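Student:
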Amino acid sequence: MFEEFGVDVEIGRLIWVIEHFFATDDIRTHQIAFLYEVNLPEDCDLLDLSRDYEGSDEGTPFVARWFPVDSLQETQLMPSFLREALRDIPQSPQHLVHVDARQ
2 MFEEFGVDVE IGRLIWVIEH FFATDDIRTH QIAFLYEVNL PEDCDLLDLS RDYEGSDEGT
62 PFVARWFPVD SLQETQLMPS FLREALRDIP QSPQHLVHVD ARQ
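Residue 103 in this note's numbering sits at position 102 of the sequence shown, with consecutive numbering throughout.
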């Protein structure tokens with residue numbers, strides 16, 4: 002979060018270790034991701050759920066926004082298993098292998 006938005010967050014527990022296989026533009030990718038619970042500072046501008054946020058990842062600009070968990074089924078989200086998994090976050094870390102259809 003600091004790299005993309007300049008915000009220090011409190012890192013919580015590890016939730017998922019994900020091996021994510023996907024392809025974009027005929028490039029097959031194997032991504033390994035560690036997903037943690039995080040807490041934003043109480044005075045953080047990113048807590049305003051009504052707006053979009055501009056960020057940058059290694060010089061590549063992007064726009065981020067918050068979505069209610071109930072709306073994730075209609076939201077483009079990678080890895081796609083998170084659309085359902087975020088409704089019931091596991092109590093202990095899980096390792097998953099997930100393959101997404103071609104994007």
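Yeah, the Cβ is synthetic: ideal placement off N, Cα and C, and Gly gets one too. Bear in mind the structure is a predicted one, so any value in this text is a computation, not a measurement.
Checking 8 Å against the spacing of the C-beta atoms, do residue 5 and residue 57 come in under that value?
Tutor: Yes, these two residues count as a Cβ contact at 8 Å.
Student: Under the three-state reduction of DSSP, which class applies to residue 68: helix, strand or coil?
Tutor: Residue 68 falls in the coil class under three-state DSSP.
Student: Is residue 65 buried or exposed, if buried means 16 or more other CB atoms sit within 10 Å of its CB?
Tutor: The residue in question, residue 65, is exposed, as its Cβ has fewer than 16 Cβ neighbours within 10 Å.
Student: Check for me: the beta strand (DSSP E) holding residue 22 runs from which residue to which?
Tutor: Run containing residue 22: 11 to 25, per the beta strand (DSSP E) assignment.
Student: According to the neighbour-count rule (16 or more other Cβ atoms, all chains shown, within 10 Å of its Cβ), is residue 80 buried or exposed?
Tutor: Label assigned to residue 80: buried.
Student: Give the secondary structure of residue 59 by DSSP, where H, G and I count as helix, E and B as strand, and everything else as coil.
Tutor: Coil at residue 59, not helix or strand.
Student: Within a Cβ cutoff of 8 Å, which residues of the same chain sit near residue 84, ignoring the five residues on either side of it in sequence?
Tutor: Same-chain partners within the cutoff: 73, 74, 76 and 78.
Student: With distances taken from CA atoms, which of 9, 25, 36 and 8 is nearest residue 19?
Tutor: Ranking 9, 25, 36 and 8 by Cα distance to residue 19 puts 36 first.
Student: With a threshold of 16 other CB atoms inside 10 Å of the CB of residue 86, please say whether the residue is buried or exposed.
Tutor: Residue 86 should be labelled buried.
Student: Considering residue 83, what are the terminal residues of the alpha helix (DSSP H) in which it resides?
Tutor: Segment 83 to 86, the alpha helix (DSSP H) holding residue 83.
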